[in-house]
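Taking it in order: structure first as C-alpha cells, then the write-up.
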Amino acid sequence: MHNGNLYWPHTYVKDDYNDVLATEYDVVIIGGGMSGALCAYRFSKAGYRTLIVEQHEIGSGSSAANTGLMQYMSDKLLHECVKDFGVLEAYHFYKASKEGLHDIGEISKLLHPDVNFIQRDSLFYASKKKDRQTIIDEYNALKRYDFPVEYVTEEQLKSEYGINKYNALITCEDAEINPYVFVNELVKYAHTHYNLHCIEGCELISYKGYNDGVKCKLTDREVKAKHLIMTTGYAKNKITKKYIHREAFVASYAVVSHPITDSFWKDKVMIWESARPYLYIRHVPRNRVLIGGLDESTDKIPSQRHINKRGKQLIKAFNKLFPHIEIEMDYSYGARFGETKDGKPFIGKIEDNAEVYGLYGYGGNGTVYSSFGSKLLLDMIDGKYNPLSEIFKLKR
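One rule links them: number in my numbering = place in the sequence shown (from 1) + 6.
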C-alpha cells in the first residue's frame with residue numbers, strides 16, 4: 007500500500023487485538039482502515055454484534071499515509087458535479103460531505119486529544135491564469151447552494167497569504183486530523199464501550215451467502231454474519247477486482263518537514279490548487295509542514311528511489327510558493343490510492359442475492375466519504391430509506 011518513512015505511525019503507540027471470536031455476528035467488517043473503523047463504531051454503537059477483521063494491523067494501510075486534510079469540497083468541483091450529475095445529486099453529494107466532516111468532529115470529541123482534530127479553512131487557488139474562471143465558477147456554485155465560502159482576489163492572495171497567484175476561494179469549516187491516531191482510537195473506543203470484537207493478522211479467504219446470512223472463511227476459522235461489509239480500501243484482491251471495476255489507481259507522494267522556526271502562513275489554512283495533479287499543503291502539530299501531490303497513474307507501490315526524487319520536487323514546489331519559509335525534509339513516503347471515473351465513492355450492496363456490502367471511499371476526500379458512507383450503510387441495513395443510496399451505488 008505504501009513505501010518510505012511514514013510520519014503518522016511515529017506519533018502513536020497502538021493497541022494490539024486478538025480477541026476470542028464468537029461463531030456468529032450481526033456484522034463482520036473486512037478491513038481496519040478509516041472506512042472499517044467508522045463502520046465498526048457506528049454498527050457496534052447501534053447495538054449490532056460486530057467484528058472487524060484486519061489482515062495486518064489496524065490503520066496500517068492507506069490510513070497511515072493519509073494526509074489528514076478533510077474538506078467538504080471534492081476533487082470534482084461542485085460546478086462540475088452540477089454539469090455532470092444535475093443540481094439535486096450534486097447538492098446532496100456536497101451536503102453529505104459537509105455533514106460527514108462534521109460527524110468526524112463530533113466523534114473526535116470522544117477520543118484522545120492526540121487525534122488532533124482542528125477546524126481549519128481551506129484555500130483553493132488558481133494555478134494558472136486560465137484557471138481564474140474555474141475559481142469564479144466554483145465560488146458562485148458554492149455560494150448559490152449556501153456552502154460557507156469566501157472569494158479571494160489576486161491582491162488579497164498576495165498581501166494576506168503571501169502567495170503570488172491569480173485568485174482563490176476560501177472554504178470554511180474544513181478540518182485537519184491525525185488519521186492514524188483517529189482510526190486506532192476509534193476502534194479502541196468501540197472495543198471498550200460497545201463490545202466491538204477485533205482481530206489483526208487475519209484475512210478473509212472467501213465468503214458464501216446462505217439463507218439470510220453470509221459464511222465467512224477467515225485465515226484459520228469460519229464465522230457467520232448476518233451482514234458482511236467490505237472496507238478493504240485500495241488493496242487489490244479478487245473481490246474488489248470483480249466488483250469495483252471502475253477505479254484508477256494512482257501513486258501519491260508526501261513529505262513532512264522538520265519543525266520550522268519561521269512563521270506559518272495566515273491562519274494555517276490548508277492549501278490546494280486547481281492544477282491536476284495538485285499540490286496540497288497543511289500544518290502539522292509541533293510546527294511541521296506536510297506537502298503532498300505529484301500523483302501518477304500506476305497501480306505499483308513507489309520505490310524508495312522514486313520517493314526521494316518526488317520528495318525533493320515537493321520541497322522545491324513549496325519553496326517556489328513560499329520562498330520566505332525555510333523547510334527541510336524529515337519524512338518522505340509514497341502510497342497507492344484510488345480514484346473513480348465520475349469522482350464519487352462506491353457505497354452499497356455488492357451482491358444482489360446476499361447480504362454483502364461495500365464501502366470504498368475512492369477519491370481525494372476519502373475520510374469524509376468513509377464518514378457519510380458508514381452512516382449510509384447503517385441506514386441500509388437498518389431498513390431506512392436514504393437518498394444517497396442511489397447516488398453512490400456500486401452498479402452505476
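Just so it is clear, CB atoms sit at the ideal spot from N, CA and C, and this is done for glycine as well.
Bridge partners for residue i per DSSP, in chain order?
{"i": "ARG294", "result": "VAL290"}
{"i": "LEU107", "result": "Looking at the DSSP assignment, LEU107 forms no beta bridge with any residue, so it has no partner."}
{"i": "LEU75", "result": "GLU182"}
{"i": "ASN9", "result": "GLY340"}
{"i": "THR140", "result": "The partner list for THR140 (beta bridge, DSSP) is empty, contrary to what the question assumes."}
{"i": "GLY364", "result": "MET236 and GLY354"}
{"i": "TRP271", "result": "In the DSSP output, where bridge partners are listed per residue, TRP271 has none listed."}
{"i": "ILE36", "result": "VAL59 and MET236"}
{"i": "SER68", "result": "SER68 is not bridged to any residue."}
{"i": "PHE255", "result": "GLY344"}
{"i": "VAL262", "result": "LEU296 and TYR337"}
{"i": "TYR145", "result": "In DSSP, TYR145 forms no bridge with anything."}
{"i": "GLU30", "result": "LYS230"}
{"i": "ASN24", "result": "ILE205"}
With distance defined between alpha-carbon atoms, name the residue in the options nearest to residue i.
{"i": "SER114", "options": "GLN61, LEU44, ARG342 and TYR167", "result": "LEU44"}
{"i": "THR17", "options": "GLN310, GLY65 and SER50", "result": "GLY65"}
{"i": "ALA174", "options": "GLU357, TYR363, ARG342 and ILE142", "result": "ILE142"}
{"i": "VAL335", "options": "ASP348, TYR284 and TYR259", "result": "In the sequence on display, residue 335 carries Met and not Val. It is TYR259 whose Cα lies nearest to the Cα of MET335."}
{"i": "TYR31", "options": "PHE378, GLU228 and ALA132", "result": "GLU228"}
{"i": "VAL59", "options": "LYS89, LEU285, PHE398 and ILE211", "result": "ILE211"}
{"i": "GLU209", "options": "TYR200, LEU224, ASN217 and LEU202", "result": "LEU224"}
{"i": "VAL19", "options": "VAL121, ASP109 and ILE36", "result": "VAL121"}
{"i": "SER338", "options": "ILE353, VAL295 and HIS85", "result": "VAL295"}
{"i": "ALA132", "options": "THR140, GLU345 and SER69", "result": "THR140"}
{"i": "LYS306", "options": "ASP226, GLY364, GLY298 and GLY340", "result": "GLY340"}
{"i": "GLU63", "options": "SER377, SER380, THR238 and LYS322", "result": "THR238"}
{"i": "ILE110", "options": "LEU12, ILE356 and VAL189", "result": "VAL189"}
{"i": "PHE99", "options": "MET386, ASP388 and ASN371", "result": "ASN371"}
{"i": "HIS312", "options": "ASP81, VAL261 and ILE277", "result": "VAL261"}
{"i": "ARG342", "options": "ILE353, PRO308 and PHE352", "result": "PRO308"}
{"i": "GLY349", "options": "THR56, SER103, ALA52 and GLY298", "result": "SER103"}
{"i": "LEU192", "options": "VAL362, GLY389 and PHE49", "result": "PHE49"}
{"i": "PHE324", "options": "ILE297, TYR391 and SER395", "result": "ILE297"}
{"i": "ARG282", "options": "GLY299, ASN24, LYS101 and ASP127", "result": "GLY299"}
{"i": "LEU12", "options": "ASP358, GLY317, VAL374 and ASN359", "result": "GLY317"}
{"i": "THR346", "options": "ARG55, LYS164 and PHE255", "result": "PHE255"}
{"i": "ALA52", "options": "ASN392, VAL33, GLY37 and GLY38", "result": "VAL33"}
{"i": "LEU327", "options": "ILE356, GLN310 and TRP271", "result": "TRP271"}
{"i": "GLY354", "options": "ILE331, ASP385 and HIS330", "result": "ASP385"}
{"i": "ALA181", "options": "PRO154, ARG138, ARG126 and ASN392", "result": "ARG126"}
{"i": "GLU3", "options": "HIS330, GLY74, SER280 and VAL26", "result": "With the chain covering only 7 through 402, there is no way to say anything about residue 3."}
{"i": "CYS222", "options": "LEU75, GLY10, GLY389 and GLU361", "result": "GLU361"}
{"i": "GLU5", "options": "ASP226, PHE378 and ALA257", "result": "Outside the displayed span of the chain (7 to 402) sits residue 5, for which this structure offers no information."}
{"i": "GLU112", "options": "ILE35, TYR47, LEU320 and LYS136", "result": "TYR47"}
{"i": "SER269", "options": "TYR213, ILE321, ASN217 and TYR167", "result": "TYR167"}
{"i": "ILE387", "options": "TYR54, ASP226 and THR159", "result": "TYR54"}
When the distance is taken between beta carbons, is residue j closer than 7 Å to residue i?
{"i": "GLU144", "j": "LEU234", "result": "no"}
{"i": "GLU156", "j": "ILE176", "result": "yes"}
{"i": "TYR151", "j": "LEU107", "result": "no"}
{"i": "SER263", "j": "ILE183", "result": "no"}
{"i": "GLY215", "j": "LYS230", "result": "no"}
{"i": "HIS118", "j": "ALA71", "result": "no"}
{"i": "LEU116", "j": "TYR195", "result": "yes"}
{"i": "TYR284", "j": "SER68", "result": "no"}
{"i": "VAL275", "j": "LEU129", "result": "yes"}
{"i": "ILE397", "j": "GLU95", "result": "yes"}
{"i": "SER380", "j": "MET40", "result": "no"}
{"i": "ASP90", "j": "GLY369", "result": "no"}
{"i": "LEU382", "j": "LEU400", "result": "no"}
{"i": "GLY367", "j": "PRO351", "result": "yes"}
{"i": "ILE287", "j": "ILE277", "result": "yes"}
{"i": "ASN23", "j": "CYS204", "result": "Checking the sequence shown, residue 23 turns out to be Tyr, not Asn. For TYR23 and CYS204, yes; Cβs fall inside 7 Å."}
{"i": "THR198", "j": "ALA257", "result": "no"}
{"i": "LEU202", "j": "THR29", "result": "no"}
Which stretch, first to last residue, makes up the beta strand (DSSP E) that contains residue i?
{"i": "GLU332", "result": "Taken as a continuous stretch (DSSP letters only), GLU332 belongs to no beta strand (DSSP E), as it is neither H nor E."}
{"i": "SER128", "result": "124 to 131"}
{"i": "GLY42", "result": "Element bounds for GLY42: not the beta strand (DSSP E) but the alpha helix (DSSP H), 40 to 51."}
{"i": "GLU156", "result": "155 to 158"}
{"i": "ILE277", "result": "276 to 279"}
Quick check on the DSSP output: the alpha helix (DSSP H) that includes residue i runs from which residue to which?
{"i": "LEU383", "result": "372 to 388"}
{"i": "LYS355", "result": "Element bounds for LYS355: not the alpha helix (DSSP H) but the beta strand (DSSP E), 352 to 355."}
{"i": "LEU57", "result": "Element bounds for LEU57: not the alpha helix (DSSP H) but the beta strand (DSSP E), 56 to 60."}
{"i": "ASP90", "result": "84 to 91"}
{"i": "ILE397", "result": "394 to 397"}
| message | At 4 residues or longer, what runs of the alpha helix (DSSP H) sit wholly inside the segment 163 to 243? | response | Every alpha helix (DSSP H) of 4 residues or more that sits fully in the segment 163 to 243 is shown, in chain order, as 185 to 199.
| message | For a minimum of 4 consecutive residues, which ranges assigned as the alpha helix (DSSP H) are wholly contained in the segment 299 to 328? | response | Here the runs fully enclosed are 310 to 327.
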